[in-house]
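2 protein chains.
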Amino acid sequence: METAGADMPIPVRISARHVHLCQRTIRALFGRDYQLQPEKALGQPGQFACRETVALVGPQGRIAHVKVLGPPRSEDQIEISRTDAIALGLDAPLKLSGDVRDTPGILLEGPAGRMYLDRGVLRALRHIHMSPADAARLGVHDRQVVQVAVKDGSRRMIFDDVVVRVAANFRLECHLDSDEGNAAGIDEGAVCWLVPHGP
Amino acid sequence: METAGADMPIPVRISARHVHLCQRTIRALFGRDYQLQPEKALGQPGQFACRETVALVGPQGRIAHVKVLGPPRSEDQIEISRTDAIALGLDAPLKLSGDVRDTPGILLEGPAGRMYLDRGVLRALRHIHMSPADAARLGVHDRQVVQVAVKDGSRRMIFDDVVVRVAANFRLECHLDSDEGNAAGIDEGAVCWLVPHGP
Chain A
944 METAGADMPI
954 PVRISARHVH
964 LCQRTIRALF
974 GRDYQLQPEK
984 ALGQPGQFAC
994 RETVALVGPQ
1004 GRIAHVKVLG
1014 PPRSEDQIEI
1024 SRTDAIALGL
1034 DAPLKLSGDV
1044 RDTPGILLEG
1054 PAGRMYLDRG
1064 VLRALRHIHM
1074 SPADAARLGV
1084 HDRQVVQVAV
1094 KDGSRRMIFD
1104 DVVVRVAANF
1114 RLECHLDSDE
1124 GNAAGIDEGA
1134 VCWLVPHGP
Chain B
944 METAGADMPI
954 PVRISARHVH
964 LCQRTIRALF
974 GRDYQLQPEK
984 ALGQPGQFAC
994 RETVALVGPQ
1004 GRIAHVKVLG
1014 PPRSEDQIEI
1024 SRTDAIALGL
1034 DAPLKLSGDV
1044 RDTPGILLEG
1054 PAGRMYLDRG
1064 VLRALRHIHM
1074 SPADAARLGV
1084 HDRQVVQVAV
1094 KDGSRRMIFD
1104 DVVVRVAANF
1114 RLECHLDSDE
1124 GNAAGIDEGA
1134 VCWLVPHGP
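Chains as they are written, first to last, in the working numbering: chain A, 944 to 1142; chain B, 944 to 1142.
Structural data, given as structure tokens:
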């Protein structure tokens, strides 16, 4: 029996800066025949955080210890916050994850080498992953743009223009970046609601 | 003739981390009989940014080159973002500016000395300064809690729980911290609107 409805809470994941790498880049940074070492499963099935980290080197600054996420992808993607972009001296555009057209490049440093990427640096547009069943319960559809509300004690913030992404293997999870999480005053374990429902 | 109404745009100021110091602390950090050097007038009459900077030293980190704002106050106040609080290793509570009760302390370093403050570190609650005339035009009153919307290209964010502060000498200005500005994707020169008005 389904009891959850359109007012059900949606778990929030705060995405700290991270990189997705292709095999060619993994080879350049970590060495020939290197395999990423999974460290922790992530919310979406098959996705994992790795033991490996890289350093990001931009025109104005360097950020070390940036987590690699797996599995390897067909294209490199460097997901940072606006605070990170300012520290690196880059202008990282807002993009749906996976869309690296018209994004700036960056130098990556790994333990076995450095590699300059032509493109791939972006700020991920906030979005909600969900299954078709969750979409039906919440009354929304793939690519729909919704508002979600989060609460920090008695203080509320509403994120407008949140993109719904529906796929059979998606687990219900709203992804915000670290600036959005810090501005809202929330951490891992927080939940959000579709507006006009709670909190 | 007044043409502006409740839909008038409100200038936004993004407050980067900064400190307000009392004379005793200025003496300890910059030397006996030191006078702050005004560098730039700020939006609110009589307030200015100084040439002087200090370093903040917390249990987990250090942040250098933090601007001192003037004029001197009767109590020290260290205004940081949540990103800064995490970097310093502090838990900075959300407070209305001026309310330093129950806030953590911090070590300050200046060119002439160091001083440990017992309290004073906070994240400033977002707020809007305005004159009584602007309050009348916008249809709000002192201490009212409102929603404001900001836009970054086509992407909108709504800050709920924004406190209105009315005084005869206040100039219309909405103050957000750097996390809020970065999450919303806005810079100096941005404007916001009271909800349910634009954008």
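Backbone N, C-alpha and C fix where the C-beta goes; we use that ideal spot for every residue, glycine too.
Secondary structure at B/T1026, three-state DSSP: helix, strand or coil?
Note: B/T1026 maps to helix in three-state DSSP.
Close-in-space but distant-in-sequence residues of the same chain around A/S1040 (CB under 6 Å, 5 per side omitted)
Cβ within range, chain order: A1067.
Against chain A: residues of the region 1021-1034 of chain B by CB proximity under 8 Å:
For chain A, the residues of the region 1021-1034 of chain B that bring a beta carbon within less than 8 Å of one of its beta carbons are S1024, R1025, T1026 and I1029, in chain order.
Using a Cβ-Cβ cutoff of less than 6 Å, which residues in the same chain neighbour A/T968 once the five nearest sequence positions on both sides are dropped?
D1019 and M1058
Inter-residue CB distance, B/R1114 and B/S1024 (contact presumed, cutoff 8 Å):
Wrong, their Cβ atoms sit about 23 Å apart, outside the cutoff.
Contact set for A/V1105: own chain, Cβ-Cβ below 8 Å, skip 5 residues either direction
Closer than 8 Å at Cβ, skipping near neighbours: R1069, H1070, I1071, V1088, V1089, Q1090, V1091 and C1117.
In whole angstroms, what separates the C-alpha of A/V1047 from that of A/L1031?
Per the sequence shown, residue 1047 of chain A should be read as Pro rather than Val. Using only the alpha carbons, I get a separation of about 12 Å.
For B/R1099, would you say it is in contact with chain A, using Cβ-to-Cβ distances shorter than 9 Å as the test?
yes
Suppose you measure from the CA of A/R975 to the CA of A/R1005; what does that come to, to the nearest Å?
25 Å
Can you look up A/E1052 in the DSSP assignment and give me helix, strand or coil?
strand
If you count every other CB in all the chains shown that lies within 10 Å of the CB of B/E1123, and 16 or more means buried, which is it?
buried
Ignore the nearest five residues each way along the sequence and tell me which others in B/Y977's own chain have a CB closer than 8 Å to its CB.
I969, R970 and A1055
Hey, how far is the Cα of B/K1038 from the Cα of B/V962?
15 Å
Can you look up A/G1124 in the DSSP assignment and give me helix, strand or coil?
helix
Taking 6 Å as the limit between beta carbons, can you name the residues of its chain near B/S1074, skipping five residues before and five after?
Apart from sequence neighbours up to five positions away, the residues of its chain that approach B/S1074 with a beta-carbon distance below 6 Å are F1113, ordered along the chain.
For B/M1100, which residues does DSSP report across the bridge?
A/F1102 and B/V1093
Round the Cβ separation of A/K1010 and A/A984 to the nearest angstrom and send it over; I've been treating them as touching at under 8 Å.
That belief does not hold up - the Cβ atoms of A/K1010 and A/A984 are roughly 14 Å apart, past 8 Å.
Uninterrupted beta strand (DSSP E) stretches inside the region 980-1018 of chain A (no shorter than 3 residues):
Listed in chain order, they are 981-984, 991-1000 and 1005-1013.
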